[in-house]
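Peer 1: Counted from 1, the sequence shown has number 118 at position 134 by my numbering; the numbering is strictly sequential. Backbone N, C-alpha and C define an ideal beta-carbon position, used for all residues, glycine too. This structure is in C-alpha cells; I'll ask about it shortly.
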Amino acid sequence: MKRYLIAAAAAMGLMGSGASAATLSGEFWDLPANTISNIDQAIAAVGGGADPTTATFDSSSINYGDAGANFVIGSLSNFLQGDAGSISGSDPASMQESVFRISGLVTLADGDQIDVTSDDGFRLIIGGNTLSEFTGIRAPNNTTSAVWGGGAGTFQAELWYFEGQFTQAQLQSNLTNFVTPVPLPAGMVLMMTALGGFGIMRRRRKS
Ligand SMILES: [Ca+2]
Ligand SMILES: [Ca+2]
C-alpha cells in the first residue's frame, strides 16, 4: 500500500500549477572567435542546446548590455547587469563569440507586440513556432517586432541569441509576464494523496 501512496503523491504533486512571477532559465555557451555569423550556425554550434553550458543564470528581465547605449564587450557578468549574481559556472572576461538561450513559460494575449533589440542575431520561438528573428550580424539599437496572434494563454518561449565577431553586444526585450509551475501547498497534496489511497483501497475491495 505504501508504494501506491508514494506514486499517487508524486503524480498529484506534478499536477499543481499556478501563475507567479518568476525567472526564465538562461544558458550561455562561450565559443572560439570567428566561428558564427548567423543564428542557424549559432544554434548548431551548441548542439541545438545539448552541449554543456559555460554558465547558466536566472533571467529576471531581458535587459542585457547597456540600456540605450552601446555595450563594449566585456565579461558575461558585465553584460547580464542585474542578473549577474545568479551566474552558475564560468564568467569569461570576454563574452565575444557566444550563444545564449533564454527559455521558460510566458503568458500572452492576442495583439501583444514583442520587441527584441539585439546585436547580434536572435530567434524567438513561442509554442514551438518561430515568431520573429534576425538571422545575421547587426549593430546595437536595432529592433525587430512581431505581434502575437496565437491566442491568450501560457506558452513555452525560447529566445536564442548570439554575439558575433564584433565589439559590441546587446539583448533587450519586452517579453515579460514570466510564469512557472509551482507545487501545490503541502496540505493539499496530503489530502489528495489520502483520497487517492482511499480510491485504491475501494478498488481492491471490489476485486
Ligand atoms: Ca568566445
Ligand atoms: Ca556583436
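Output needed for Trp13: all residues of its chain with C-beta closer than 7 Å, excluding positions within five of it in sequence on either side, in chain order.
Peer 2: Excluding positions up to five away in sequence, the list reads Val30, Asp35, Thr37, Thr38, Ser82 and Val83.
Peer 1: Taking the C-alpha atoms as reference points, what is the distance between Ala77 and Ala141?
Peer 2: 29 Å
Peer 1: Under a three-way DSSP split, which group does Phe63 fall into?
Peer 2: helix
Peer 1: Quick one: does the C-beta of Asp104 sit closer than 7 Å to a heavy atom of ligand 2?
Peer 2: yes
Peer 1: Mind checking who Asp96 pairs with in its DSSP beta bridge?
Peer 2: None; Asp96 has no bridge partner.
Peer 1: Terminal residues of the continuous alpha helix (DSSP H) containing Asp24?
Peer 2: Ile23 to Ala29
Peer 1: Check Ser72 in the structure and name its three-state DSSP category.
Peer 2: Three-state result, Ser72: strand.
Peer 1: Hey, would you say Asn22 sits closer than 8 Å to Gly105, going by beta carbons?
Peer 2: yes
Peer 1: Any idea what DSSP makes of Gly137, helix, strand or coil?
Peer 2: In the three-state reduction of the DSSP assignment, Gly137 falls in the strand class, which pools E and B.
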